[in-house]
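Below is one structure, written out as structure tokens, with a few remarks after it.
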Amino acid sequence: MASKLMQRRRDRIDELAAGADEGVSLAKDAMRRMARNPVAITGASIIAVFAVLAVLSPVLAPKDPFIRYNELTDRLRPDAIPGPMPGFLLGSDQNGYDFFSRLLVGAQQTLIVGVMATLIGVSIGIVLGGLAGAIGGWVDTLLMRFTDIMLSFPSLLLAISIAALFARTSQWTVIIAVAMVAVPIFARLLRGSMLAQRHSDHVLAATALGVHRRTIVFRHMLPNALGPVIVQATLTLATAIIDAAALSFLGLGDPDPVRAEWGLMLANAQDYLEVKPELAFYPAIAIIVVALGFTLLGESLREALDPKTRR
Amino acid sequence: MLRFVARRLLQAIPTLIILSILIFAWLRSLPGGPAQALLGDKWTPEKEAQLNATLGFDQPIWLQYLKFLGRAITGDFGNSSVSGLPVLQEIGQGFAATIELSFFAIVIAIVLGIPLGYLAARFHGRLLDNLTVIGTLVGVAVPVFFLGALLKFVFADELGILPPSGRQDVTINATTVTGFATVDGLLTREFDATWDALLHLILPSIALASIPMAVIVRITRASVLDVLDEDFVRTAESKGLTTQVIRRRHVLRNALLPVSTTIGLQTGLLLAGAVLTEKVFNWGGLGSLLAEGIERKDYPRLQALILLAASVYVLVNLLVDVSYAIIDPRVRVS
Numbered sequence: 001m002a003s004k005l006m007q008r009r010r011d012r013i014d015e016l017a018a019g020a021d022e023g024v025s026l027a028k029d030a031m032r033r034m035a036r037n038p039v040a041i042t043g044a045s046i047i048a049v050f051a052v053l054a055v056l057s058p059v060l061a062p063k064d065p066f067i068r069y070n071e072l073t074d075r076l077r078p079d080a081i082p083g084p085m086p087g088f089l090l091g092s093d094q095n096g097y098d099f100f101s102r103l104l105v106g107a108q109q110t111l112i113v114g115v116m117a118t119l120i121g122v123s124i125g126i127v128l129g130g131l132a133g134a135i136g137g138w139v140d141t142l143l144m145r146f147t148d149i150m151l152s153f154p155s156l157l158l159a160i161s162i163a164a165l166f167a168r169t170s171q172w173t174v175i176i177a178v179a180m181v182a183v184p185i186f187a188r189l190l191r192g193s194m195l196a197q198r199h200s201d202h203v204l205a206a207t208a209l210g211v212h213r214r215t216i217v218f219r220h221m222l223p224n225a226l227g228p229v230i231v232q233a234t235l236t237l238a239t240a241i242i243d244a245a246a247l248s249f250l251g252l253g254d255p256d257p258v259r260a261e262w263g264l265m266l267a268n269a270q271d272y273l274e275v276k277p278e279l280a281f282y283p284a285i286a287i288i289v290v291a292l293g294f295t296l297l298g299e300s301l302r303e304a305l306d307p308k309t310r311r
Numbered sequence: 001m002l003r004f005v006a007r008r009l010l011q012a013i014p015t016l017i018i019l020s021i022l023i024f025a026w027l028r029s030l031p032g033g034p035a036q037a038l039l040g041d042k043w044t045p046e047k048e049a050q051l052n053a054t055l056g057f058d059q060p061i062w063l064q065y066l067k068f069l070g071r072a073i074t075g076d077f078g079n080s081s082v083s084g085l086p087v088l089q090e091i092g093q094g095f096a097a098t099i100e101l102s103f104f105a106i107v108i109a110i111v112l113g114i115p116l117g118y119l120a121a122r123f124h125g126r127l128l129d130n131l132t133v134i135g136t137l138v139g140v141a142v143p144v145f146f147l148g149a150l151l152k153f154v155f156a157d158e159l160g161i162l163p164p165s166g167r168q169d170v171t172i173n174a175t176t177v178t179g180f181a182t183v184d185g186l187l188t189r190e191f192d193a194t195w196d197a198l199l200h201l202i203l204p205s206i207a208l209a210s211i212p213m214a215v216i217v218r219i220t221r222a223s224v225l226d227v228l229d230e231d232f233v234r235t236a237e238s239k240g241l242t243t244q245v246i247r248r249r250h251v252l253r254n255a256l257l258p259v260s261t262t263i264g265l266q267t268g269l270l271l272a273g274a275v276l277t278e279k280v281f282n283w284g285g286l287g288s289l290l291a292e293g294i295e296r297k298d299y300p301r302l303q304a305l306i307l308l309a310a311s312v313y314v315l316v317n318l319l320v321d322v323s324y325a326i327i328d329p330r331v332r333v334s
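First to last, the sequence lines map onto chains A and B. Mapping to my numbering: the first sequence position 284 is 284, numbers consecutive. Mapping to my numbering: the second sequence position 266 is 266, numbers consecutive.
Next comes the structure, spelled out in structure tokens:
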């Protein structure tokens, strides 16, 4: 008799436990929202295709993108660039390279520029913003005055000024210039969201329990403050690729005509618009689509992480 | 109000001073030093030593900075190494061209952007709204120089209905009064000159307007949507006010607050876009000067232009803050 009652109580507890509202982490919840959002799916699909292309393009490219082909250079005239012909899907570019192969490989080079610039910008920004947010006081004041001044330049002009510092321009000129422009944005963002954490209940609880300050910063404040930074990084990937193209257009990019990066290809094709507009159109469309992909992904990530901003 | 303006002006001064230090340091840290950069191909060790002495680069660094600052305040930024003219004179010549272009660009962005953003919000979730949102996303993603080149290719080269470059046709012998080609034509009654200048303005100002317009549309739309949710709109509706009155007096007026800030900030950013647009259309303004300065490594010119651009940006930010304080009295006290 008693055991039956015990059994029932145990079952009831199990039932309650099973039906209980399982705590859902913010990341999991965000992923769930993203998976239901068509905008996020579109953005993620574009990025996925772009990433796969970037990795596989050297294998997929039908011709060597870095070799001038005699079949193409022979027909190259100042007023005529060969169009599609057997073996060369989109014909030649202005220098006698296989245009199609270069477009494919361009995905890789463009991704490298975008990702490197963003990574460098995020890393420095996180260190500066983290220091300001964790230490506060004069460190905070100093660092934030510094970011204020960097932000008092229009970003493209700042990138131009930085790029103009280099004696010889290269791919790294562009990457570093674009990265530096992003630093103050990330620093301010991380500092802001860390300051907001500082007075929150879970940090207060950890402090009251006597948790070491370093542990609080790295285990409690930093992970919770990273959301906006990740969103901004996704959006920065888009602007980095567009700004890199602008710098190349101004002659601050890699002077080597062999390099196949979409921004550089677009910039170098400006003089050939009347001869063969595709040379500019295809890289431009590629840049626009990829930038759009990162923007869509970033915006929907922002929405998913912070439902208040939904719209 | 006056105290607020004075406070913000004082706050801008340290920013500008630190900016000048940075720009000074920038010139000093050029590869090979400023003398080598100035001499370029004509460089020899003797010439460098001589130039260092004449330009004072052999003096202590703090003294050099103070001298640089003193000269900068009086408007002396040295001579351009491309044209040999004083940098300030060059800037003066290019200024009107850039202001004219920027003015038309921001007017296009406002006149088209605000109504479009408002309509998108009114038809929230419908086809027009979705198309507008997609349009703004694409508008920001298109590289400005490519849009410029595309417009030029289609409307000037292929269709031949608009001029491809420059501010005015060379055959039009217009009298210069203010430097603003459109205004000069009106002042001197050379209406064909004004008409021609307007035709030349169309393509570059559309290209330059693309990004500010996309941003203005987005902010207007988001802001109108926010205001539509407000209690006072519901109150106005329940009071029985007509939709027209609510829209004009309650919604639009409140929604325009953040839009005015955005317009200010985007105006400050126009010079960056002008660098690209002016290069495409061979416009001959500040942007062209900057683009040419980069190509030819004309450091005195770059230094002055960058300081000018940053100062304008700081000033525009200040004006935005002040205008915000006028519109919203709460800002003044915080």
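Quick reminder that beta carbons are idealized off the backbone N, C-alpha and C, glycines included.
Less than 8 Å divides the Cβ of L147/B from the Cβ of A207/B.
E46/B counts as exposed, since fewer than 16 other C-beta atoms from the protein chains shown sit within 10 angstroms of its C-beta.
Note that the C-beta distance between A174/B and G185/B is below 8 Å. Going by DSSP, D93/A is part of no alpha helix (DSSP H) at all; its letter is neither H nor E. In terms of beta-carbon proximity, I288/A lines the interface with chain B, with at least one pair separated by less than 8 Å. Shown here, A260/A sits in coil according to DSSP, grouped into three states, outside any helix or strand. Proximity to Q168/B across G160/B, I23/B, A181/B peaks at A181/B, based on C-alpha coordinates. Boundaries of the alpha helix (DSSP H) harbouring V139/A: 137-151, taken from the DSSP string.
Contact of T15/B with chain A by beta-carbon distance below 9 Å involves R145, D148, I149, S152.
Per DSSP, the unbroken alpha helix (DSSP H) holding Q171/A starts and ends at 171-198.
Per DSSP, N282/B is not a residue of any alpha helix (DSSP H), being assigned neither H nor E. Residues of chain B whose Cβ lies closer than 7 Å to the Cβ of F249/A are, in chain order, F145, L276. For N254/B and V227/B, the gap between their C-alpha atoms comes out near 7 Å. In the three-state reduction of the DSSP assignment, M1/B falls in the coil class.
In its chain, beyond the 5 residues on either side, L88 have a beta carbon closer than 7 Å to the beta carbon of G75/B. For the pair of segments examined, the segment 242-257 of chain A was found not to touch the segment 295-307 of chain A: the number of CB pairs separated by less than 8 Å stays below three. Taking all protein chains in view, the Cβ of W138/A is surrounded by fewer than 16 other Cβ atoms within 10 Å, so the residue is classified as exposed.
Annotation: L265/B to L209/A spans about 46 Å, alpha carbon to alpha carbon.
When the Cα atoms are used, I287/A and G273/B turn out to be separated by approximately 18 Å.
Judged by DSSP in its simplified three-state form, F145/B adopts helix. Residue range 26-36 is occupied by the alpha helix (DSSP H) that includes K28/A. Per DSSP, reduced to three states, the secondary structure at N173/B is coil, with no helix or strand assignment. The residues V181, in chain order, have a CB closer than 7 Å to that of S155/A in the same chain once the five nearest residues on each side in sequence are set aside. Minimum Cα-Cα distance from L307/B among the listed residues R122/B, A6/B, W26/B corresponds to W26/B. Beta-bridge analysis with DSSP links N79/B to P86/B. Contact between the segment 9-24 of chain B and the segment 308-319 of chain B is present, with at least three C-beta pairs closer than 8 Å. The distance from the Cβ of F50/A to that of G293/A is about 6 Å, consistent with a contact at the 8 Å cut-off.
Within the segment 290-307 of chain B, those residues whose Cβ lies closer than 7 Å to any Cβ of chain A are, in chain order, A291, I294, E295, L302, I306. In chain order, H250 place their CB closer than 7 Å to the CB of F232/B, counting only its own chain and leaving out the 5 sequence neighbours on each side. Taking C-beta separations shorter than 7 Å and ignoring five residues to either side along the sequence, the partners of V203/A in its chain run Q197, I216, H220, M221, following chain order. In the displayed model, A80/A falls within a strand according to three-state DSSP. D196/B sits in a helix when the DSSP states are folded into three classes. Taken through DSSP and simplified to helix, strand or coil, D184/B comes out as helix.
In this structure G43/A is buried. Its beta-carbon is surrounded by 16 or more other beta-carbon atoms within 10 angstroms. Closest option to L250/A, judged by alpha-carbon separation, among T234/A, L235/A, V258/A, A269/A: A269/A. Assigned with DSSP and collapsed to three states, F104/B falls in helix.
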